[in-house]
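Report on one structure; see the data block that follows.
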Amino acid sequence: MNFINIQNQFKILISLVIFVASLSFAQQYGILKGTVTNQENKQPLPSANLLIKGTLIGTTTDFNGNYSIQKIRPGKYILVVSMIGFRKEEIKEVIIEAGKENVLDINLEPAAVQVGQVVITAGKREQSFAEVSATVSVIDPQTFQRRNAITIDDALRQVSGVSLIESQVSIRGSSGYSKGVGSRTLMLVDGIPLLTGDTGELVFESVPTFNVDRIEILKGAASALYGSGAMGGIVNVLTKEILDVPTTYVRLYGGFYDQPYYPEWKWSSETQFIDGFYIAHSQKFADLKTLFAVSRTEDDGYRQNSRWQRWNLYSRSQYQFTPSKNLKLALNYLEQRRNNFLYWRNLDSALIPPADQLGDRVISKRFSASSLFTNIVTDRFTYSIKGIWYHTDWRNDVEVMGDRSISNFMDAEVQFNYQIFSDHIFTGGVQANYNRVRSDIFGRRTGINTAFYLQDEYKMLDDLRFTVGTRFDYSKLDSLKSQFQINPKLGVAFSNDPLTSFRFSVGRAFRSPSVGEAFTSTTASGITVIPNPNLKPEKSWSFETGINQTVSENINVDASIFQSEYDNLIEAKFVTPPKAQFINVTRARIQGLEVSAKTSFFEKYFLMNLSYTYLKPMDRVENDILRFRSKHLFYVNTVMSYWNMELGIDFRYISRIERIDKEFALYIVDAEKRVPTYVVDTYISSIFKFGGVPLRTSFLIKNLLQYNYVELIGNIAPIRSFTLSIETTI
Amino acid sequence: MKVIMKNLLIILLFFLIISCDHGLAPPPKVKIEQGIAGTIYYKGKFPDSLKEHRLFAAKMFRKFRSMNEIMSLILSGSDSIQIYPSILQSPLSLTKEDSIKYKFVLPPALYRYIAVAQTSGGIFDSSKWQIVGVYSRDTVNWPPSQVLVGTGYFVDSVNITVDYNNPPPQPFDTSERER
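Which chain is which? The protein sequence lines are F and Z, in order. Letter 283 of the first sequence, counting from 1, is numbered 283 in the numbering used here, and no numbers are missing. Letter 135 of the second sequence, counting from 1, is numbered 865 in the numbering used here, and no numbers are missing.
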């Protein structure tokens with residue numbers, strides 16, 4: 001496989017696009033437009049999703065609740081309208097006449113329980129929940145505002161089945177702790193991968209939270225569409241549409257950490273502050289919409305030597321060539337200075353690092369440029385071309401060693417959705433990426449990956465859909481042996497009434513080693529990591545089956561059981577202490593069940609979401625529980641609303657991590673000191689007008705009850721903090 | 731519906747109560763003491779000019795060449811020899827009682843030589859110091875018996891007889907007494 005083959009694949013795809021596009025020229029189309037409003041207060045609803053059932057086309061409403069769907073074949077359709085917080089509407093008998101603007105205004109009724117949204121991550125196209133054969137959770141933007149989420153991981157911590165060890169995301173126990181390199185969760189921004197080229201990790205700081213419309217978390221293997229990394233699942237961050245009217249957004253926040261609960265842990269007589277601001281402005285110039293944003297955030301840290309500062313410049317442009325052709329460009333620059341707290345001195349001095357870590361810091365600069373071109377050729381054929389260049393440059397221990405790593409990751413993908421017959425929708429594409437690393441720690445490395453994929457969604461009956469697909473990946477990472485992967489999947493979605501849906505899926509996934517895992521050569525805190533030129537990809541087979549049932553107006557329940565078989569899992573091991581190496585260490589099986597419920601009481605004034613996940617993550621070689629996994633996750637989120645006020649209480653319980661690296665623990669005093677996690681966060685949020693300007697204020701107390709726990713051994717998780725946030729959009 | 735809500739609130743309340751525990755905590759600062767305890771018996775006539783009278787426990791025995799060496803170890807703060815009461819406190823038994831009970835806090839170790847020393851001169855005048863009693867388990871004053879002090883407990887009945895009519899051999903003046 002080489003670039004000539006990629007070019008050939010690309011030519012074939014373009015030919016296909018042109019062929020299908022030519023078929024559509026003879027057609028006459030109609031347009032559907034109108035306004036979506038809140039039934040209760042008649043206010044327009046921005047960001048509502050509209051989808052013409054049985055076709056590939058849909059849209060979202062603008063700031064004024066207006067929508068316009070182009071290129072609809074004449075006929076009779078069902079229009080699906082959904083929005084978080086409102087009851088999904090299926091409007092039947094929508095008649096589209098050729099060459100006409102057909103107007104349809106829609107009222108959405110606020111919903112007690114939020115179900116039936118539209119998601120796009122599972123199938124790389126807009127689908128309603130009932131059509132999806134895998135479990136998807138959605139975080140809405142209000143969650144960020146209420147919780148003053150500075151990075152998206154703040155919101156991920158409350159998602160059912162998801163747990164984090166520092167910034168490493170584990171979906172249904174797929175990941176343990178891999179020292180910050182490699183991730184079994186793939187992060188996407190608007191469907192474009194965003195993993196660092198050198199360490200292959202998620203960098204949450206690179207995603208500006210003020211611009212997030214929603215986050216979809218797809219659980220389970222997804223390599224059949226997304227390739228390497230999507231073993232445990234996907235976190236897909238979807239950004240907001242830029243509004244037509246000039247809009248300025250300002251957000252200020254400030255707060256501080258409380259004193260440690262135990263006086264023995266107090267390490268400074270000064271208060272440790274948290275503060276930041278975001279300013280964004282967007283405007284429309286003819287067919288070009290642009291947004292520019294700047295933010296600065298800062299955190300003194302609740303531990304000694306854990307301070308950080310960030311500057312972020314962000315710009316996004318959206319050019320509308322025609323109503324059906326759209327180009328989005330995003331530029332993002334992040335500069336961060338962060339002290340390095342690796343682990344505590346001991347439990348007696350839990351907020352102080354060992355003396356040799358004092359002063360350690362990392363300076364990182366990250367830049368990304370991404371583009372997304374979409375073209376709705378007909379109501380049955382759409383395609384998109386997307387690409388990203390992600391540049392990272394970091395150096396650590398600046399004053400002492402000056403280790404530096406520069407990576408450039410480039411990814412390009414052409415994707416199409418084609419509804420050949422009324423009951424078959426094909427999704428396919430080609431993808432290629434190139435990775436180049438220049439590093440004191442990882443050496444000079446390059447890697448390539450090329451892939452093509454094809455998936456067919458077959459609507460056998462109105463209520464029954466089958467999804468069959470596969471993806472072929474070829475990867476070559478520097479001197480590692482080249483790899484060829486085939487990852488098939490099968491999915492079934494069945495919904496015999498609007499209140500019940502069943503799902504089943506089985507699929508294979510893989511993850512290629514990151515540069516960091518294969519080629520790290522460094523010594524830190526007494527541990528020497530050596531390269532492994534024989535590292536192989538991880539592989540897995542996963543299956544799940546689940547049911548979603550709306551029990552009553554006020555209760556929706558979702559339940560699933562799942563199992564994954566992993567082979568060649570990569571973990572850092574001490575080969576000859578203190579020398580450690582990333583090696584294909586084990587086979588594993590993770591079984592579990594997940595139950596979640598959305599409830600509302602007192603006419604929506606009291607909402608409560610609960611979720612429980614049971615995991616049995618077993619190392620099949622050592623016949624013991626996998627390292628850095630918990631067996632039980634239980635989350636409760638409550639929101640009480642009255643007038644323009646909201647009071648929220650979030651609770652999360654994660655059972656004690658039962659097993660850690662014993663050798664790793666030799667280097668950390670009191671490494672065995674771990675407890676279950678019981679954390680309560682609370683906030684009070686209010687919307688009001690001040691001098692005619694709409695303001696939203698939130699007062700947040702994190703870790704209300706000052707519970708001290710570790711996510712990672714030797715690292716006390718954040719202690720109680722108080723934050724006040726004020727934001728406005730004018 | 732009310733029943734469901736009631737149950738949900740009970741669940742939430744249960745976990746909130748659990749959260750009131752504060753999780754990890756610094757290790758408790760428990761005072762762990764160990765050492766030796768016993769009685770010092772006095773026989774004969776107390777010297778009139780007694781200025782200092784102290785019990786000491788030494789980890790080393792054979793290395794002592796003179797009382798100067800013991801004194802220099804005590805004064806240097808070395809943990810190879812411990813003195814009771816400490817230099818800053820009043821000496822033992824200047825009231826000339828027949829016996830006195832003691833409880834001597836010591837670091838965990840094997841103590842090879844536990845004895846009572848006294849002087850009629852100043853505390854830093856090593857030429858006047860003299861051994862007047864030695865802990866010997868089965869006999870009186872000689873040979874010295876060793877005592878193993880473990881963490882967290884006191885070794886009882888480390889009794890010593892100070893017989894002014896029959897003082898023990900001084901361990902510093904002849905090499906044959908050293909083992």
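Note that CB positions come from ideal geometry on N, CA and C, so glycine has one too.
Distance, Cα to Cα, residue i vs residue j?
i         : j         : result
F:Gly-387 : F:Ser-206 : 17 Å
F:Ser-514 : F:Thr-450 : 16 Å
F:Leu-23  : F:Thr-247 : Summary for F:Leu-23: the model assigns pLDDT 46, below 50, so the residue's position carries little reliability, and this model does not support an answer.
Z:Leu-742 : F:Phe-634 : 11 Å
F:Ser-475 : F:Gln-485 : 8 Å
F:Glu-93  : F:Ala-130 : 21 Å
F:Val-118 : F:Asn-236 : 14 Å
F:Ser-137 : F:Ile-561 : 15 Å
Z:Tyr-883 : F:Arg-338 : 49 Å
F:Ile-726 : F:Ser-685 : 10 Å
F:Ile-69  : F:Thr-382 : 13 Å
F:Asn-534 : F:Thr-586 : 15 Å
F:Thr-729 : F:Thr-60  : 20 Å
Z:Ala-787 : F:Pro-578 : 42 Å
F:Tyr-257 : F:Ala-665 : 29 Å
Z:Gly-765 : F:Leu-351 : 35 Å
F:Asn-102 : F:Gly-30  : 7 Å
Just to confirm the assignment, what range does the beta strand (DSSP E) spanning residue i have?
i         : result
F:Arg-338 : 325-339
F:Gly-75  : 75-82
F:Ala-369 : 361-378
F:Ala-293 : 288-299
F:Asp-739 : Only positions 1 to 730 of chain F appear in the structure, and residue 739 of chain F is not among them; the question remains open.
F:Lys-284 : 273-285
F:Asp-393 : 381-396
F:Asp-411 : 403-421
F:Ile-579 : Strictly speaking, residue 579 of chain F in this sequence is Lys, with Ile absent from that position. Per DSSP, F:Lys-579 belongs to the beta strand (DSSP E) from 579-601.
F:Asp-619 : 606-619
F:Asn-107 : 106-108
Could you check how far apart the C-beta atoms of residue i and residue j are, in whole angstroms? I think they sit under 8 Å.
i         : j         : result
F:Arg-404 : F:Asp-440 : 5 Å
Z:Tyr-841 : Z:Gln-876 : 6 Å
F:Ala-518 : F:Leu-569 : Not a contact, Cβ separation roughly 15 Å.
F:Ile-719 : F:Tyr-302 : 5 Å
Z:Pro-756 : F:Glu-264 : 4 Å
Z:Leu-836 : Z:Val-892 : Not really, about 20 Å apart at Cβ, beyond 8 Å.
F:Ile-217 : F:Val-159 : 5 Å
Which stretch, first to last residue, makes up the alpha helix (DSSP H) that contains residue i?
i         : result
F:Arg-146 : 141-147
F:Ala-224 : 223-226
Z:Asp-855 : Note, Z:Asp-855: premise wrong, no alpha helix (DSSP H); not H, not E.
F:Gly-516 : 515-519
With the cut-off set at 8 Å, would you say residue i and residue j are in Cβ contact?
i         : j         : result
F:Asp-624 : F:Arg-659 : yes
F:Ser-505 : F:Asp-463 : no
F:Val-557 : F:Gln-549 : yes
Z:Gly-774 : Z:Ile-890 : no
F:Ser-542 : F:Ile-530 : no
F:Tyr-314 : F:Leu-288 : no
F:Phe-582 : F:Asn-532 : yes
F:Gly-173 : F:Arg-629 : yes
F:Ile-152 : F:Ile-215 : yes
F:Val-430 : F:Asn-396 : no
F:Ile-668 : F:Tyr-343 : yes
F:Leu-225 : F:Tyr-453 : yes
F:Ile-106 : F:Ile-91  : yes
F:Asp-619 : F:Leu-626 : yes
Residues in the segment 740-770 of chain Z having any Cβ partner in chain F nearer than 8 Å: Ile-741, Leu-742, Phe-745, Leu-746, Ile-748, Ser-749, Cys-750, Asp-751, His-752, Gly-753, Leu-754, Ala-755, Pro-756, Pro-757
Near-chain Z residues of the segment 662-688 of chain F - C-beta to any C-beta below 9 Å: Asp-670, Lys-673, Arg-674, Val-675, Pro-676, Thr-677, Tyr-678, Val-679, Val-680
Within 8 Å of chain Z by C-beta, residues of the segment 207-232 of chain F in sequence order: none
Chain-ordered residues of the segment 709-721 of chain F with a beta carbon less than 8 Å from chain Z: Tyr-709, Val-710, Ile-716
Near-chain Z residues of the segment 634-665 of chain F (beta-carbon distance less than 8 Å), N- to C-terminal order: Phe-634, Val-636, Thr-638, Ile-649, Phe-651, Tyr-653
Short-range partners of chain Z found in the segment 688-709 of chain F, where Cβ spacing is below 7 Å: Leu-705, Gln-706, Tyr-707, Asn-708, Tyr-709
Short-range partners of chain Z found in the segment 262-276 of chain F, where Cβ spacing is below 8 Å: Tyr-262, Glu-264, Trp-265
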